[in-house]
Amino acid sequence: DTRILIGTGHACTSITVGGPSASPVIIAGPCAVESREQLLTTAHAVKAAGANILRGGAFKPRTSPYQFQGLGVEGLKLLAEAREQTGLPIVTEVMETEMVDTVAEYSDILQIGARNVQNYALLRAAGKHSAKRPVLLKRGLASTVEEWLLAAEYIVAAGNPNVILCERGIRSYDPQTRNVLDLTCVPLIQELTHLPILVDPSHATGRRELVPAMSRASIAAGAQGLIIETHCDPSTALCDGRQSITPEQLARIVVETRALSHLM
Ligand code: PEP
Ligand code: MN
């Protein structure tokens, strides 16, 4: 199994993702970096809840061009400040090939989102950028497992073996949930590849009340960690508030999933 050490490029608390590990890795934070106060408040709260890594989008791939697009480089700077204050490594999305070096400079993990899983130029750039940050590669909205693994292969073939896969739900015909969480792919991926696999129950369900059960189910299925959208005040979130949980709800998920992982 590939074991990936996160957080070696900046002053923060490093953590290993993948391989046999007693505790699942918990990545938490807002969908988008909205302001200094929102990010720092949430960052301290998710750390207190037991998160290991802070997430937050500075560049947001929104369905409509009129929706909040993220704070850009200003958001990256706020994430670096949050890391300094909390010691949590940072994961944030990079959407454009030309921005890979800039995002890598500020972050500890480069996230490539569901919409970019077949952006081969971006995958190659994430593979060969000089800082060599690990890459969190989401599954595409309608990726087959093979297409997803071949996308990971682009990053590895370009020179970066540190790829973390993330199942985030796939499109279905049923609008009751945002996507359908394909938990079958967790043990399947572990049979097919040595790469670590995490689950994102937030984008998979689109509904915060479904996040705790799907978090537990993901760990029971063997996922090596979770990425969970958490906001200090979900009702005011500029992006994905409906699926965002509070830090208090996160704390409970951390306790439950860590307990579950000890049974496995
Ligand atoms: C996100 O993590 O905020 C995100 C946009 O995820 P996805 O690419 O899975 O939709
Ligand atoms: Mn989101």
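Here the sequence shown stands for residues 84 to 347, where the numbers follow UniProt numbering. By construction, the Cβ of each residue, glycine as well, lies at the ideal position given by its N, Cα and C atoms. Only a predicted model underlies this, so the values are computations on that prediction, with no experimental measurement involved.
Task: Same chain, Cβ closer than 6 Å to Leu278, five either side skipped, listed in chain order - done: Translated into the one-based positions of the sequence shown, residue 278 becomes position 195. Closer than 6 Å at Cβ, skipping near neighbours: Thr85, Val246 and Leu248.
Open item on the list: Give me the DSSP bridge partner(s) of Gln194.
Closed with: On the sequence shown, position 111 is the one that residue 194 refers to. Paired residue(s): Glu176 and Leu219.
Task: Contact between the stretch 86–98 and the stretch 193–213 (3+ Cβ pairs under 8 Å) - done: no
Open item on the list: Quick check on the DSSP output: the beta strand (DSSP E) that includes Ala111 runs from which residue to which?
Closed with: Residue numbering aside, residue 111 sits at position 28 when the sequence shown is read from its first letter. Ala111 -> beta strand (DSSP E) spans Val108 to Gly112.
Task: Closest residue to Asp191 among Val100, Glu157, Gly305 and Ala225 (Cα-Cα distance) - done: Within the sequence shown, the letter at position 108 stands for residue 191. With distances taken between Cα atoms, Asp191 lies closest to Val100.
- [ ] Round the Cβ separation of Ile328 and Arg291 to the nearest angstrom and send it over; I've been treating them as touching at under 8 Å.
- [x] Indexing the sequence shown from 1 puts residue 328 at position 245. Indexing the sequence shown from 1 puts residue 291 at position 208. So it is a contact: roughly 5 Å between Cβ atoms.
TODO: Could you work out which residue in Glu120, Gly289, Arg166 and Leu193 is closest to Leu220 when comparing CA atoms only?
DONE: Sequence index remark: in the sequence shown, residue 220 carries index 137 (1-based). Comparing Cα-Cα distances from Leu220 to each of Glu120, Gly289, Arg166 and Leu193, the minimum goes to Leu193.
Task: Meets three-Cβ-pair contact criterion under 8 Å: the stretch 257–264 and the stretch 229–247 - done: no
Open item on the list: Let me make sure I understand the geometry here. Which of Ala241, His314, Pro103 and Leu137 has the alpha-carbon closest to that of Ala163?
Closed with: As a first step, residue 163 is located in the sequence shown; it is residue number 80 there, counting from the start. For the residues Ala241, His314, Pro103 and Leu137, the minimum Cα distance to Ala163 belongs to Leu137.
Open item on the list: By the three-class DSSP mapping on this structure, what secondary structure does Gly101 have?
Closed with: Taking the sequence shown and counting its residues from 1, one reaches residue 101 at position 18. Coil, per DSSP.
- [ ] Jot down the residue ranges of each uninterrupted alpha helix (DSSP H) in the stretch 239–275, minimum 4 residues, whole runs only, in chain order.
- [x] 268–275
Open item on the list: Nearer than 7 Å: is that true of the beta carbon of Glu312 relative to any heavy atom of the ligand MN?
Closed with: Residue 312 sits at position 229 when you count from the first residue of the sequence shown. Yes, the Cβ of Glu312 comes within 7 Å of a heavy atom of the ligand MN.
TODO: Could you tell me whether any non-hydrogen atom of the ligand PEP is closer than 7 Å to the CB of Cys114?
DONE: Position 31 of the sequence shown holds residue 114. Checking every heavy atom of the ligand PEP against the Cβ of Cys114, one is found closer than 7 Å.
Open item on the list: Let me check you understand the geometry: is the CB of Cys315 closer than 7 Å to at least one non-hydrogen atom of the ligand MN?
Closed with: As a working mapping, residue 315 is identified with position 232 in the sequence shown. No - the ligand MN has no heavy atom lying nearer than 7 Å to the Cβ of Cys315.
Open item on the list: Just to confirm before moving on: does the CB-CB distance between Ala306 and Leu281 stay below 8 Å?
Closed with: For this step, residue 306 is matched to residue 223 along the sequence shown. For this step, residue 281 is matched to residue 198 along the sequence shown. Contact: yes.
Task: Separation of Asp184 from Tyr203, as counted between CA atoms - done: Taking the sequence shown and counting its residues from 1, the one referred to as residue 203 is at position 120. Taking the sequence shown and counting its residues from 1, the one referred to as residue 184 is at position 101. Roughly 16 Å separates the two Cα atoms.
Task: Where the beta strand (DSSP E) containing Leu137 begins and where it ends - done: As a first step, residue 137 must be located in the sequence shown, where it is residue number 54. Counting along the chain, the beta strand (DSSP E) containing Leu137 begins and ends at Ile136 to Arg138.
Task: Inter-residue spacing [alpha-carbon to alpha-carbon] between Arg299 and Gln273 - done: Indexing the sequence shown from 1 puts residue 299 at position 216. Indexing the sequence shown from 1 puts residue 273 at position 190. Each residue's Cα considered, the two are about 18 Å apart.
Open item on the list: Taking its Cβ as the centre, do 16 or more other Cβ atoms sit within 10 Å of Gln121, making it buried, or is it exposed?
Closed with: Residue 121 sits at position 38 when you count from the first residue of the sequence shown. Gln121 comes out buried.
Open item on the list: Quick check on this structure: which residue in Val129, Ser255 and Val177 has the alpha carbon closest to the alpha carbon of Lys143?
Closed with: In the sequence shown, residue 143 corresponds to position 60, counting from 1. Closest by alpha carbon: Val177.
Task: Rounded Cβ spacing between Arg119 and Leu161 (contact assumed at less than 8 Å) - done: Within the sequence shown, numbered from 1, the residue matching residue 119 stands at position 36. Within the sequence shown, numbered from 1, the residue matching residue 161 stands at position 78. About 6 Å; that satisfies the 8 Å criterion.
- [ ] In angstroms with no decimal places, state the Cα-to-Cα distance between Ala134 and Ala296.
- [x] Here residue 134 refers to the residue found at position 51 of the sequence shown. Here residue 296 refers to the residue found at position 213 of the sequence shown. Approximately 18 Å, taken between the alpha carbons.
Open item on the list: Tell me the DSSP secondary structure of Leu346 in three-state form.
Closed with: Numbered from its first residue, the sequence shown carries residue 346 at position 263. Of the three classes helix, strand and coil, the one that applies to Leu346 here is helix, per DSSP.
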